[in-house]
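J.:
Residue numbers (the working numbering): 4 to 135.
Following this line, the structure appears as structure tokens:
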């Protein structure tokens with residue numbers, strides 16, 4: 004985490020320089036404000052990562068002699084047979100098309116999103132996969 008903290012703090016310094024240069028040359032308040040806010044966000048993230056790195060054990064990314072496989076582990080559990088992402092994808096596509104074609108499409112997209120979300124959350128609470 005030390006590496007990420009340093010990267011974000013260096014990024015914050017770069018954004019600060021760019022924000023000052025942009026603000027002086029452009030005299031445009033919206034972009035200058037956005038750059039100063041990006042500077043603040045980078046400082047917050049960098050400080051958090053640097054602060055946390057002192058309190059946790061050394062990770063493989065902080066060790067120069069580490070291999071890629073040293074940080075490998077279980078990524079997570081992904082359901083291989085679930086149809087719920089398809090329902091969420093179709094519902095989301097219909098809902099986003101509602102912005103273009105008309106808000107009445109939400110009457111068709113929103114129920115699909117709710118059905119897909121409900122099924123995805125509770126798919127291992129019933130049926131043959133109940134105990135997994």
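From the three backbone atoms N, C-alpha and C, an ideal C-beta is built for every residue, glycine too.
Please read all numbers here as calculations on a predicted model, not as lab measurements.
Flag this pair as yes or no: are the beta carbons of residue 101 and residue 109 separated by less than 7 Å?
T.: For this step, residue 101 is matched to residue 98 along the chain shown. For this step, residue 109 is matched to residue 106 along the chain shown. Yes. Within cutoff.
J.: Determine the burial state of residue 33: buried for a count of at least 16 other Cβ atoms within 10 Å of its Cβ, exposed for fewer.
T.: For the purposes of this step, residue 33 is taken as residue 30 along the chain shown, with counting starting at 1. Burial call: exposed.
J.: Looking at the unbroken alpha helix (DSSP H) that takes in residue 6, where does it start and where does it end?
T.: For this step, residue 6 is matched to residue 3 along the chain shown. Where residue 6 is concerned, the enclosing alpha helix (DSSP H) stretches over 5 to 29.
J.: Reducing DSSP to helix, strand and coil, say where residue 62 ends up.
T.: Residue 62 sits at position 59 when you count from the first residue of the chain shown. It is coil, neither helix nor strand.
J.: If you draw a straight line from the alpha carbon of residue 63 to that of residue 70, how long is it in whole angstroms?
T.: Your numbering for residue 63 matches position 60 in the chain shown. Your numbering for residue 70 matches position 67 in the chain shown. Approximately 8 Å, taken between the alpha carbons.
J.: Report the rounded CA-to-CA distance for residue 126 versus residue 105, giving the unit in angstroms.
T.: Counting from 1 along the chain shown, the entry for residue 126 is found at position 123. Counting from 1 along the chain shown, the entry for residue 105 is found at position 102. So the alpha carbons of these two residues sit roughly 32 Å apart.
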